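Each protein sequence line maps, in turn, to chains Z and G.
Position 151 of the first sequence, counted from 1, bears residue number 151 in UniProt numbering, the numbering being contiguous throughout.
Position 363 of the second sequence, counted from 1, bears residue number 363 in UniProt numbering, the numbering being contiguous throughout.
Ideal Cβ placement from N, Cα and C applies to all residues, glycine included.
Computed from a prediction, not measured in an experiment: that's the story for all the values here.
2 protein chains.
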Amino acid sequence: MSKKLTKRTEDYSKWYNELVVKADLAENSAVRGCMVIKPYGYAIWENMQAELDKMFKETGHQNAYFPLFVPKSLFEAEEKNAEGFAKECAVVTHYRLQSDPDNPGKLRVDPEAKLEEELVVRPTSEAIIWSTYKGWIQSYRDLPLLINQWANVVRWEMRTRLFLRTAEFLWQEGHTAHATKNEAVIEAKQMQEVYAEFAENFMAMPVIKGFKSESERFAGAEETYTIEALMQDGKALQAGTSHFLGQNFAKAFDVKYTSKEGKQEYVWATSWGVSTRLIGGLIMTHSDDLGLVLPPKLAPIQVAIIPIYKNQEQLEAISEKVAEIVKELRKKGISVKYDDRDTYRPGAKFAEYELKGVPVRMAIGSRDLENNTVEVARRDTLEKQTVSQDDVVNFINNLLEEIQDNLFNKAIDFRKEHTTEVTTFDEFKKVIKNKGGFVSAHWDGTSETEERIKEYTKASIRCVPNDAKEEVGVCVFTGKPSLKRVLFAKAY
Amino acid sequence: MSKKLTKRTEDYSKWYNELVVKADLAENSAVRGCMVIKPYGYAIWENMQAELDKMFKETGHQNAYFPLFVPKSLFEAEEKNAEGFAKECAVVTHYRLQSDPDNPGKLRVDPEAKLEEELVVRPTSEAIIWSTYKGWIQSYRDLPLLINQWANVVRWEMRTRLFLRTAEFLWQEGHTAHATKNEAVIEAKQMQEVYAEFAENFMAMPVIKGFKSESERFAGAEETYTIEALMQDGKALQAGTSHFLGQNFAKAFDVKYTSKEGKQEYVWATSWGVSTRLIGGLIMTHSDDLGLVLPPKLAPIQVAIIPIYKNQEQLEAISEKVAEIVKELRKKGISVKYDDRDTYRPGAKFAEYELKGVPVRMAIGSRDLENNTVEVARRDTLEKQTVSQDDVVNFINNLLEEIQDNLFNKAIDFRKEHTTEVTTFDEFKKVIKNKGGFVSAHWDGTSETEERIKEYTKASIRCVPNDAKEEVGVCVFTGKPSLKRVLFAKAY
Numbered sequence: 001m002s003k004k005l006t007k008r009t010e011d012y013s014k015w016y017n018e019l020v021v022k023a024d025l026a027e028n029s030a031v032r033g034c035m036v037i038k039p040y041g042y043a044i045w046e047n048m049q050a051e052l053d054k055m056f057k058e059t060g061h062q063n064a065y066f067p068l069f070v071p072k073s074l075f076e077a078e079e080k081n082a083e084g085f086a087k088e089c090a091v092v093t094h095y096r097l098q099s100d101p102d103n104p105g106k107l108r109v110d111p112e113a114k115l116e117e118e119l120v121v122r123p124t125s126e127a128i129i130w131s132t133y134k135g136w137i138q139s140y141r142d143l144p145l146l147i148n149q150w151a152n153v154v155r156w157e158m159r160t161r162l163f164l165r166t167a168e169f170l171w172q173e174g175h176t177a178h179a180t181k182n183e184a185v186i187e188a189k190q191m192q193e194v195y196a197e198f199a200e201n202f203m204a205m206p207v208i209k210g211f212k213s214e215s216e217r218f219a220g221a222e223e224t225y226t227i228e229a230l231m232q233d234g235k236a237l238q239a240g241t242s243h244f245l246g247q248n249f250a251k252a253f254d255v256k257y258t259s260k261e262g263k264q265e266y267v268w269a270t271s272w273g274v275s276t277r278l279i280g281g282l283i284m285t286h287s288d289d290l291g292l293v294l295p296p297k298l299a300p301i302q303v304a305i306i307p308i309y310k311n312q313e314q315l316e317a318i319s320e321k322v323a324e325i326v327k328e329l330r331k332k333g334i335s336v337k338y339d340d341r342d343t344y345r346p347g348a349k350f351a352e353y354e355l356k357g358v359p360v361r362m363a364i365g366s367r368d369l370e371n372n373t374v375e376v377a378r379r380d381t382l383e384k385q386t387v388s389q390d391d392v393v394n395f396i397n398n399l400l401e402e403i404q405d406n407l408f409n410k411a412i413d414f415r416k417e418h419t420t421e422v423t424t425f426d427e428f429k430k431v432i433k434n435k436g437g438f439v440s441a442h443w444d445g446t447s448e449t450e451e452r453i454k455e456y457t458k459a460s461i462r463c464v465p466n467d468a469k470e471e472v473g474v475c476v477f478t479g480k481p482s483l484k485r486v487l488f489a490k491a492y
Numbered sequence: 001m002s003k004k005l006t007k008r009t010e011d012y013s014k015w016y017n018e019l020v021v022k023a024d025l026a027e028n029s030a031v032r033g034c035m036v037i038k039p040y041g042y043a044i045w046e047n048m049q050a051e052l053d054k055m056f057k058e059t060g061h062q063n064a065y066f067p068l069f070v071p072k073s074l075f076e077a078e079e080k081n082a083e084g085f086a087k088e089c090a091v092v093t094h095y096r097l098q099s100d101p102d103n104p105g106k107l108r109v110d111p112e113a114k115l116e117e118e119l120v121v122r123p124t125s126e127a128i129i130w131s132t133y134k135g136w137i138q139s140y141r142d143l144p145l146l147i148n149q150w151a152n153v154v155r156w157e158m159r160t161r162l163f164l165r166t167a168e169f170l171w172q173e174g175h176t177a178h179a180t181k182n183e184a185v186i187e188a189k190q191m192q193e194v195y196a197e198f199a200e201n202f203m204a205m206p207v208i209k210g211f212k213s214e215s216e217r218f219a220g221a222e223e224t225y226t227i228e229a230l231m232q233d234g235k236a237l238q239a240g241t242s243h244f245l246g247q248n249f250a251k252a253f254d255v256k257y258t259s260k261e262g263k264q265e266y267v268w269a270t271s272w273g274v275s276t277r278l279i280g281g282l283i284m285t286h287s288d289d290l291g292l293v294l295p296p297k298l299a300p301i302q303v304a305i306i307p308i309y310k311n312q313e314q315l316e317a318i319s320e321k322v323a324e325i326v327k328e329l330r331k332k333g334i335s336v337k338y339d340d341r342d343t344y345r346p347g348a349k350f351a352e353y354e355l356k357g358v359p360v361r362m363a364i365g366s367r368d369l370e371n372n373t374v375e376v377a378r379r380d381t382l383e384k385q386t387v388s389q390d391d392v393v394n395f396i397n398n399l400l401e402e403i404q405d406n407l408f409n410k411a412i413d414f415r416k417e418h419t420t421e422v423t424t425f426d427e428f429k430k431v432i433k434n435k436g437g438f439v440s441a442h443w444d445g446t447s448e449t450e451e452r453i454k455e456y457t458k459a460s461i462r463c464v465p466n467d468a469k470e471e472v473g474v475c476v477f478t479g480k481p482s483l484k485r486v487l488f489a490k491a492y
């Protein structure tokens with residue numbers, strides 16, 4: 001397999017698919033639509049999990065685990081949610097295979113081992129969790145209930161793409177119960193903030209915080225708060241959502257509590273989630289034609305060190321020096337890989353770490369030993385610099401911060417350049433067609449108009465930004481009055 | 001629900017079931033055989049995961065993620081494994097539900113959405129992983145391949161018990177590939193050591209390291225290394241297994257590598273796993289009639305602090321003092337909960353932390369403030385002591401270590417008392433019937449004898465201990481010659 005990637009300008013989608021496989025992040029499996037997350041890709045997910053989990057716990061949440069299966073009847077309880085999720089799903093109907101009498105060595109479903117009630121592999125866990133919460137919530141003392149689950153879920157998608165849309169994916173789903181509507185809304189908004197902070201501070205991926213139009217809402221939600229990122233091809237990516245569920249699930253599963261005043265009340269609910277899709281967003285925000293570019297805060301390897309040597313003696317002298325530097329870097333919490341494999345040439349190693357997006361590469365040869373120097377290269381700008389061995393640890397420590405900031409700023413600049421205010425539908429179409437990105441436009445607030453605009457342009461309403469200022473205008477499509485601009489974009 | 005538990009001597013099994021539910025560890029779900037792991041139980045699992053994951057990484061393993069589903073045909077590739085695992089399993093046959101035309105508001109399986117090939121929800125992942133490894137392994141440079149996965153698995157068990165045997169459970173499964181038989185055997189044994197170290201050092205649960213008899217081996221393994229623990233009711237618990245798989249999976253999935261000499265060779269495999277079953281073992285090793293007893297190294301809360309006060313003023317003075325102590329304890333990495341809830345009385349809080357097995361409880365009242373003291377109680381021995389506030393941080397730090405050691409030593413003593421060497425089958429039966437525990441006996445090495453002994457006594461061969469010394473003897477059942485004692489026990 002050639003290491004050379006298709007260029008982004010040539011075919012962005014092909015570039016993405018090739019990059020995911022060549023950088024050893026993930027691959028398609030023997031199961032339609034399901035991916036294998038390879039160690040390097042999974043290490044990024046582990047870093048994401050660690051940071052998110054810390055943020056969830058700091059905001060008072062605890063982890064728990066609920067069953068993989070949802071009995072069909074539980075889905076029927078909340079009609080809208082069932083409508084949205086129960087349909088395209090994996091359904092378990094039997095609990096046994098047996099040797100096939102007609103085909104020696106083959107297995108078949110045992111027709112006598114049919115389940116009385118079909119089990120759905122969870123596409124999301126509101127139904128099973130709310131049927132459980134009924135037993136956990138009696139009094140106001142039991143509230144708020146703030147729980148998160150790390151899990152796999154399955155949605156039977158017809159068209160799948162590694163990380164972005166797969167039949168099985170990994171995610172976290174928070175499910176909380178509150179005594180009042182106000183508390184639940186505050187929780188849902190808080191988690192939107194947590195997601196935005198994670199996206200911007202760790203992924204270096206700027207996001208717009210907003211809420212969804214009715215037609216883009218989560219099935220069963222009264223309000224869906226979203227963070228929306230912009231990819232390099234001008235398409236938006238919904239990176240995380242947090243839902244205010246009102247009392248829909250409490251009513252569907254009869255979850256009531258006794259208030260301080262002794263009254264029986266239905267509780268108020270939220271749910272919120274991010275998934276391995278974030279890895280897709282990370283890739284498409286920063287990477288280039290040479291391969292992956294990772295923000296230091298999530299990179300499994302932050303610094304790769306490569307010795308340049310002609311013989312064993314040189315290697316040993318270099319390794320001795322490197323050991324000191326590695327020790328100091330690790331003291332600062334920097335993850336380092338010293339690649340002294342003798343089965344690959346330095347050039348091949350350089351190419352590998354470039355492809356894999358390692359933020360900083362350090363090379364050191366015999367000449368460097370004499371001069372007390374090393375060569376430091378940064379992945380984001382590809383700049384190289386000779387640095388004194390005495391300063392290299394601080395230099396790299398600062399450089400990692402600089403790279404993190406630079407990636408974020410580049411992405412912010414890109415988004416600014418690709419956010420266009422329009423007043424006419426002609427402009428709207430032209431921008432979507434030629435430039436892409438976010439289009440900020442007035443909209444009359446109806447699902448009909450939203451649908452028509454999507455038919456014409458393939459652009460959907462990504463969100464009504466939280467910070468949208470009131471502004472008198474007219475709908476770009478119908479000319480009806482509007483008080484706020486909303487953001488449209490084509491989306492993943 | 002009464003907080004009082006059934007006594008262990010009365011009904012051990014009932015005591016266990018009640019404890020798991022009352023200590024808020026887990027409960028049965030709406031799905032037959034599947035459990036909900038509640039936050040407190042899941043926090044124990046998270047602590048177990050963190051330590052194990054660190055140990056796996058220190059021994060060179062990386063995490064990855066493979067699909068939840070295994071196409072039926074992949075199972076057919078390795079016959080013994082299929083025989084052992086593919087039979088009692090959850091089978092996905094359809095990918096869509098639809099509104100039931102005969103029952104408004106109900107859903108049914110869409111008969112037109114039948115899968116061409118059934119998918120089995122993984123009961124273990126050898127098949128899907130080895131079909132993937134085929135693409136990853138070409139050359140000796142790709143070996144060893146050292147991968148672990150944290151995942152949920154499903155086995156359609158008929159009789160289930162929380163943590164000990166559930167249809168769905170959480171586990172980790174390591175799957176490694178090696179160039180030589182010797183390397184694979186060393187790996188399998190190394191992971192047995194890792195498990196034993198974890199069980200003894202963190203769970204304070206002594207284990208016997210050994211290997212399984214042929215009939216107790218993992219389906220598809222050439223050797224199964226096990227760690228066996230002894231529960232308080234005299235039954236053994238298989239706590240972790242590590243398998244040397246030979247070339248069975250390499251041959252079934254045609255996984256070959258080119259050696260340094262340019263030859264095509266099949267690779268050698270291992271797999272190894274521990275699961276949420278460990279939590280069941282943890283409970284049954286240490287807990288008592290008052291509730292859970294947790295070893296400090298895995299306790300989600302190591303120290304619970306309870307203020308004893310009559311009015312708000314007293315509470316404030318106490319809280320101020322406690323804040324200082326909490327800060328110092330946390331500096332030492334000790335997890336502390338200060339429980340100043342005003343909705344519960346101190347007595348109720350004492351009972352709660354006792355039931356939940358928090359290793360150390362500290363109480364502090366106004367009198368203590370005057371005297372510069374606190375009261376410290378340890379959960380394992382129930383001893384209380386008055387300690388100076390000046391010493392309390394070091395005192396607790398040492399006490400946690402002492403409790404950890406005490407739990408391990410108590411369990412070691414129990415095992416010694418419950419390990420009996422026998423020479424006749426009458427003795428064997430008597431020990432199993434009256435005392436339980438491990439019975440060390442000579443055995444003629446045949447599966448037939450093993451089976452007969454099990455029929456008579458319900459005791460199975462738990463393992464041939466690694467350190468079993470050569471000793472001339474005769475089989476306890478057939479009188480045939482034997483050179484080693486093996487360990488029998490009734491088992492979970």
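The segment 182–193 of chain Z and the segment 218–232 of chain Z touch, with no fewer than 3 CB-CB distances between them shorter than 8 Å. DSSP places I208/G in the strand class (E or B) of the three-state scheme. Taking 8 Å as the upper bound on Cβ-Cβ separation, chain Z lies near residues K87, E88, C89, A90, V91, V92, T93, H94, Y95, R96, L97, Q98, G105 of the segment 87–105 of chain G. Cβ atoms of A239/Z and G84/Z stay farther apart than 8 Å, at about 20 Å. For the 8 Å CB-CB criterion, R341/G and P359/G do not form a contact. D368/Z is classed as buried because its beta carbon has at least 16 other beta carbons within 10 Å across all chains shown. For L399/Z and Q62/G, the gap between their C-alpha atoms comes out near 27 Å.
Fully enclosed beta strand (DSSP E) runs of no fewer than 3 residues occupy 168–178, 208–211 of the segment 154–217 of chain G, in order along the chain.
Inclusion of L245/G and A229/G in the CB contact set at 8 Å is not warranted, their separation being larger than that value. If you look at G365/G, you'll find it in the beta strand (DSSP E) that goes 360–365.
I129/Z is the residue among D24/Z, M55/Z, I129/Z whose C-alpha sits nearest the C-alpha of V70/Z. Considering only beta carbons, the part of the segment 26–37 of chain G lying closer than 7 Å to chain Z consists of S29, A30, V31, C34, V36, I37, in chain order. The segment 20–29 of chain Z and the segment 145–154 of chain Z do not touch, with fewer than 3 CB-CB distances between them shorter than 8 Å.
The DSSP-derived three-state label of N372/Z is coil. Contacts with chain Z (Cβ-Cβ distance below 7 Å) from the segment 335–360 of chain G involve T343, listed in chain order.
Within chain G, not a single residue places a beta-carbon under 7 Å from that of N47/Z; the smallest gap is close to 12 Å. Residue contact check for W130/Z against chain G: no CB pair falls below 8 Å. Listed by position along chain Z, the residues whose Cβ is nearer than 7 Å to that of E168/G are P67, L68.
Scanning the segment 52–94 of chain Z for uninterrupted beta strand (DSSP E) segments of 3 residues or longer gives 69–71, listed from N- to C-terminal end. The beta-carbon distance between L97/G and K114/Z, rounded to whole angstroms, is 16 Å. This is too long to meet the 8 Å contact definition. Under the DSSP definition of a beta bridge, C463/G partners with L487/G.
Per DSSP, reduced to three states, the secondary structure at Y266/G is strand.
Identification of chain Z residues near I147/G by a Cβ-Cβ cut-off of 7 Å yields P39, ordered along the chain. In its chain, beyond the 5 residues on either side, I305, Y338 have a beta carbon closer than 6 Å to the beta carbon of V322/G.
Per DSSP, the unbroken alpha helix (DSSP H) holding H286/G starts and ends at 277–286. Put simply, the CB of Y257/G is far from chain Z, with every gap to its CB atoms at 8 Å or more. The Cβ atoms of P465/Z and I208/Z sit closer than 8 Å to each other. Residue burial annotation: S447/Z is exposed, with fewer than 16 other C-beta atoms found within 10 angstroms of its C-beta.
Looking at the DSSP output, R96/G bridges to E88/Z. In the DSSP secondary-structure assignment, Q49/Z is not bridged to any residue.
With 16 or more other Cβ atoms from the protein chains shown falling within 10 Å of its own Cβ, T241/G counts as buried.
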